Amino acid sequence: MKMFVVLFMLLSTFVVRHDSLKKVPVSDQNIQNGVLILTDKNFDNTIKNGIVMVDFYATWCGPCKILAPIIEEIAEEANGKVKICKLDTDRCPVASLKYNIKYLPTVIIFKNGNPEYRVVGLQDKETLVNALKNIQE
511 MKMFVVLFML
521 LSTFVVRHDS
531 LKKVPVSDQN
541 IQNGVLILTD
551 KNFDNTIKNG
561 IVMVDFYATW
571 CGPCKILAPI
581 IEEIAEEANG
591 KVKICKLDTD
601 RCPVASLKYN
611 IKYLPTVIIF
621 KNGNPEYRVV
631 GLQDKETLVN
641 ALKNIQE
């Protein structure tokens with residue numbers, strides 16, 4: 511009986527530790543600083559309707575870090591008229607491959623699921639806002 515209790519305690523300790531190592535899944539509606547964080551799971555559904563700006567980035571990318579506050583400003587000013595999103599290319603390879611993302615950052619503006627505008631590299635806010643305005647017209 512003692513052996514059973516000891517075995518049970520060891521097993522339950524392993525299960526608790528093992529569960530704590532699991533990654534927390536990214537929610538389908540994960541929003542950070544007004545920007546919707548996309549995954550391979552929610553990408554197609556998110557871009558299929560309306561105008562959607564997607565910033566393809568990586569956490570290790572210097573220019574991506576510089577672009578991040580610009581994307582957040584655009585999201586704040588958009589007031590829900592367009593969706594402003596980010597996709598981590600390291601965590602979401604399917605969408606990155608589908609849209610042939612080779613260089614970072616890459617920003618694509620979709621209209622009803624179709625890529626209408628694509629720019630590679632660090633861009634200023636004015637360039638991105640003007641691109642959104644041109645697509646909305």
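Numbered per the working numbering, the sequence shown spans residues 511 to 647. Every residue, glycine too, gets a C-beta built ideally from N, C-alpha and C. For clarity, every value in this text was computed on a predicted model and none was experimentally measured.
Bounds of the alpha helix (DSSP H) holding isoleucine 584 are 572-588.
Taking each of Thr569, Asn624, Cys571, Arg628 in turn and checking the Cα distance to threonine 556, the smallest one comes out for Asn624. Where asparagine 624 is concerned, the enclosing beta strand (DSSP E) starts and stops at 624-630.
For isoleucine 581, the closest alpha carbon among the candidates Cys571, Val564, Gly572, Lys608 is that of Val564.
Residues of the same chain with a CB within less than 7 Å of the CB of valine 604, apart from the 5 flanking positions on each side, are Asp550 in chain order. In the structure shown, glutamine 646 falls within a helical segment according to DSSP collapsed to helix, strand and coil. Secondary structure at aspartate 550: coil, using DSSP grouped into helix, strand and coil.
For lysine 608, the enclosing alpha helix (DSSP H) begins and ends at 603-608. Rounded to the nearest angstrom, the gap between the Cα atoms of isoleucine 576 and alanine 568 is 12 Å.
Nearest Cα to threonine 616 within the set Arg628, Lys608, Asn622: Arg628. Here isoleucine 594 is near glycine 544, since their CB atoms are less than 8 Å apart.
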